[in-house]
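Taking it in order: structure first as structure tokens, then the write-up.
Residue numbers (the numbering used here): 80 to 199.
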């Protein structure tokens, strides 16, 4: 069973993601922004991270940048789950080490496929 962090300021997205994650046998930890995500990283060892781009306090790309600075976290796969689809943001994410980019609203089947692909 993997531990998955979901950072998104939209409560509905967090709840749908949690349900999908638990249905495929993993544990979901939910936070509302990147700053909370970084705090959770100190308390848990995550196997996968889903993050929105635009969140209050700290956005997803800033959180990814800070995660990748810590050698213990360097190889955790990160998927951006967002309404943002600009090539500029995608290439910025890729440069930071983002593994995939999913657009909201997301399809639950596709979401669980991404989990299974990244966690085996």
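For glycine and all other residues, C-beta sits at the position ideal for the given N, C-alpha and C.
Rounded to the nearest angstrom, the gap between the Cα atoms of residue 184 and residue 103 is 19 Å. Unbroken alpha helix (DSSP H) stretches of 4 residues or longer found wholly inside the region 90 to 143: 90 to 102 and 113 to 122, given in chain order. Collapsing the DSSP output to three states places residue 82 in a strand. Three or more beta-carbon pairs separated by less than 8 Å are not found between the region 138 to 153 and the region 91 to 106, which leaves the two stretches without contact. Per DSSP, reduced to three states, the secondary structure at residue 193 is helical.
If you look at residue 174, you'll find it in the alpha helix (DSSP H) that goes 166 to 175. Burial is judged here by how many other beta carbons sit within 10 angstroms of a residue's own beta carbon; residue 90 has fewer than 16 and is exposed. In this chain, the beta strand (DSSP E) harbouring residue 157 covers 157 to 161.
Counting every other CB atom within 10 Å of its CB across the protein chains shown gives residue 116 a total of 16 or more, marking it as buried. Closest in C-alpha terms to residue 177, from the list 80, 191 and 157, comes 157.
A distance below 7 Å between beta-carbons, with the five flanking residues on each side excluded, links residue 169 to the following residues of its chain, in chain order: 180. Counting along the chain, the unbroken beta strand (DSSP E) around residue 179 starts and ends at 179 to 182.
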